[in-house]
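Inspection log for the structure reproduced underneath, given as structure tokens.
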Amino acid sequence: FPYTTLFRSFVPVQLLDGLAIRDEDMKQWILTFFFDFLREDSSCFAIFDDMFNKGQLKFYKPLVALLESENLNTYIADKAAWLLTAVVGHVPTYFTDEDVNGVLKVLLQANGCSEIGILEAVTNLLKSGEFRRLIWEYPGVSETIFKVQPKAAEEEAKSSKTKTTTPVKAGNEIGRASC
Numbered sequence: 004f005p006y007t008t009l010f011r012s013f014v015p016v017q018l019l020d021g022l023a024i025r026d027e028d029m030k031q032w033i034l035t036f037f038f039d040f041l042r043e044d045s046s047c048f049a050i051f052d053d054m055f056n057k058g059q060l061k062f063y064k065p066l067v068a069l070l071e072s073e074n075l076n077t078y079i080a081d082k083a084a085w086l087l088t089a090v091v092g093h094v095p096t097y098f099t100d101e102d103v104n105g106v107l108k109v110l111l112q113a114n115g116c117s118e119i120g121i122l123e124a125v126t127n128l129l130k131s132g133e134f135r136r137l138i139w140e141y142p143g144v145s146e147t148i149f150k151v152q153p154k155a156a157e158e159e160a161k162s163s164k165t166k167t168t169t170p171v172k173a174g175n176e177i178g179r180a181s182c
């Protein structure tokens, strides 16, 4: 069964729509699915490129709205920030300076993300050469990066992996599918 075809035509839109529901377990599952899928094979970012090109995907506003939510679970905040910034970093042509400034504003305010989550998100944004200068010049970015101590970040990363309340698995067959 061609998982890639199914994923390309249906899954990203439906799953991202699922982030609007109130069920935190479902949000965790969706975000973990994308996290695992994209980290398993970075060529899968091409799926987002295709969908943006066809105008099929609402991506930026729903994820920023999620990150702006009050009392956001740290796991959800970290994974939403990772997903948003990873896509911006890998397919930057669909985003503007204004979008990047908006993401940075949300990340650098008290939004529920952990220090390591913010660091990972800013690092993802810095992967895009198109926005690198803008990101470095944004107030608070360099301070945010350099205030994280290696040992503290390591401990925080370990503890955030154990905070998931629901067993979450993206599915090995899908996660290993070629994009």
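Converting from the sequence shown to our numbering requires adding 3 to each position, the first position being numbered 1.
Glycine included, every Cβ here is placed at the ideal spot set by N, Cα and C.
| Closest to W85 by CA distance: which of T99, D26 and L107 is it? | Residue 85 sits at position 82 when you count from the first residue of the sequence shown. W85 has its Cα closest to that of L107, out of T99, D26 and L107.
| message | Taking contact to mean 3 or more Cβ pairs, one atom from each stretch, closer than 8 Å, check whether the stretch 80-99 and the stretch 116-128 are in contact. | response | By the Cβ criterion, the stretch 80-99 is in contact with the stretch 116-128, since at least three pairs of Cβ atoms, one from each stretch, lie closer than 8 Å.
| Residue range of the unbroken alpha helix (DSSP H) whose run includes G132 | Taking the first residue of the sequence shown as position 1, residue 132 is located at position 129. In the DSSP assignment, G132 falls outside any alpha helix (DSSP H), carrying neither H nor E.
| query | Once you ignore the five residues that flank G92 on each side, which residues in its own chain have a CB closer than 7 Å to its CB? | reply | Within the sequence shown, numbered from 1, the residue matching residue 92 stands at position 89. So the qualifying residues of the chain are N127, L128, K130 and S131.
| request: Confirm, please, whether the CB-CB distance from I138 to V125 is below 8 Å. | output: Along the sequence shown, one-based indexing puts residue 125 at 122. Along the sequence shown, one-based indexing puts residue 138 at 135. Going by C-beta atoms, V125 is nearer than 8 Å to I138.
| task | Would you give the residue range spanned by the alpha helix (DSSP H) that A23 belongs to? | result | Residue 23 sits at position 20 when you count from the first residue of the sequence shown. Per DSSP, A23 belongs to no alpha helix (DSSP H) and is neither H nor E.
| message | As an exercise, report each continuous alpha helix (DSSP H) stretch of at least 4 residues that is fully enclosed by the stretch 44-96, in chain order. | response | The qualifying runs are 48-56, 63-70 and 77-93.
| task | Within its chain, find whatever has a CB closer than 7 Å to the CB of G105; leave out the 5 residues flanking it on each side and keep chain order. | result | Within the sequence shown, numbered from 1, the residue matching residue 105 stands at position 102. Counting only Cβ-Cβ distances below 7 Å, and skipping sequence neighbours, we find V67.
| request: Return the chain-ordered list of same chain residues with a C-beta closer than 6 Å to the C-beta of A23, the five sequence neighbours on each side being excluded. | output: Translated into the one-based positions of the sequence shown, residue 23 becomes position 20. Non-local C-beta neighbours of A23 in its own chain, meaning closer than 6 Å and more than five positions away in sequence, are absent.
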